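So the structure is just underneath, and the comments pick up after that.
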Amino acid sequence: MRVLITGGAGFLGSHLAEHLLKKGAEVVLIDNFATGRKENLANLAGAKFVEGSVANKALIDECFDKLKPTHVIHSAAAFKDPNNWKEDIDTNVLGTAHVVQASKRHDVNRLVYFQTALAYGRAKSPIKVETDYAPLLSYSISKAGGEFYTAMSGLPWVSLRLANVYGPRLFTGPQPIFVKKLRAGEACTIVNTRRDFLDLRDFMILMDQVLEVGAPTGAYNVASGRDITIPQLFDMIVKGLGLKEGEYKPPTVQEPAGEDLNSLLLDPSLTTEKFGWTPKISVADGTAALVEWYKANGVGETFTHFVNKKS
Ligand SMILES: NC(=O)c1ccc[n+]([C@@H]2O[C@H](COP(=O)([O-])OP(=O)(O)OC[C@H]3O[C@@H](n4cnc5c(N)ncnc54)[C@H](O)[C@@H]3O)[C@@H](O)[C@H]2O)c1
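Each number in my numbering corresponds to the 1-based position in the sequence shown with 7 added.
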């Protein structure tokens, strides 16, 4: 198995690289460190790392021609500056087109894309995979474009439409932001929304199946299928940090504004049916483990997908 992973210095990309190296795969990673980190490559000495952008067609073609991948995991995505539409289009649309066309040239066995559930926009939860797209952000608009190119590849492609996967090395979204602020003694702003969280360990079990040659193709919702409120998530993190009332600044709770969504709950029933996959780890247990990881490793710079969100 020769696997090319874009976004290999990021959260999902680096975990997949580690997992596949352990299974004996030859792995090449490409990343421009937009949101990825050098520290994420610490356990990836066995992989070849190429610093650069998926928007650079010559670089992508060279990486493909050298490795001749059997499998491609396209995990690179731009989202850190919601007002930088050009960067989103360059990475998420043009970069994806480069990866898809190079994958076609090499007739890869599996082409895996990670889609954001934000592409469904304000669809009513629980959202089925057949639901039409109505993205509201530059990130989700451009990611929708990338998925359409992937689907046009004629290859055995899979798009996993992710709600919120969490685990070690997650630096985007409410968990790292709450941990960072609580540990710094700062007050958090909690947006009163509902979200569906999936533990990375459950995600990796699905990925093993998705990468099997001959496994089902197409688009699948990937989520726990159960949601919680962000105030509930905040309470779990406070508990994980061992903080009692009075030991942290009281948070401000506000209602979602702008393009933020009240609820994002996916229906993963087709994924369960086709892959025989059911997530096992509860969000309470998974969040407790995640907080332990942040305690041991710190948080650092954090990111959010939303323009007006304060946390
Ligand atoms: N983690 C989730 O819950 C989640 C949810 C929805 C979608 N996704 C998708 O999964 C994929 C991985 O996300 P993640 O959570 O690991 O985020 P991440 O930010 O940790 O990983 C993305 C990686 O892509 C890299 N990158 C950005 N622009 C690039 C470019 N032009 N060329 C090369 N590399 C570039 C970043 O530096 C980063 O390392 C993304 O495609 C994202 O849209 C993730």
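Backbone N, C-alpha and C define an ideal beta-carbon position, used for all residues, glycine too. Since this is a predicted model, take the numbers as computed values, not measurements.
Using a C-beta cut-off of 8 Å, the stretch 85 to 100 makes no contact with the stretch 132 to 143, since fewer than three inter-stretch Cβ pairs fall below that distance. In the structure shown, ILE244 falls within a helical segment according to DSSP collapsed to helix, strand and coil. Within its own chain, the residues whose Cβ lies closer than 7 Å to the Cβ of GLU94, once the five positions on either side in sequence are excluded, are ALA85 and ASP88, listed in chain order.
Between the alpha carbons of ASN90 and SER149 lies a gap of roughly 13 Å. Contact annotation: the stretch 177 to 186 does not touch the stretch 213 to 220, with fewer than three C-beta pairs closer than 8 Å.
A distance of 8 Å or more separates the beta carbons of THR278 and ASN199. Annotated as proximal: GLY15 and PHE56, with beta-carbon spacing under 8 Å.
Out of THR285, ILE235 and PHE204, the CA that lies nearest to the CA of LEU177 is found in PHE204. For HIS78, the uninterrupted beta strand (DSSP E) run begins and ends at 78 to 81, by DSSP.
Judged by their CB atoms, ALA126 and SER147 are nearer to each other than the 8 Å cut-off. TRP164: member of the beta strand (DSSP E) spanning 164 to 169, first to last residue.
Per DSSP, the continuous alpha helix (DSSP H) segment holding ASN304 begins and ends at 290 to 304. In this structure TYR120 touches SER166 by the C-beta definition: roughly 4 Å separates them, less than 8 Å.
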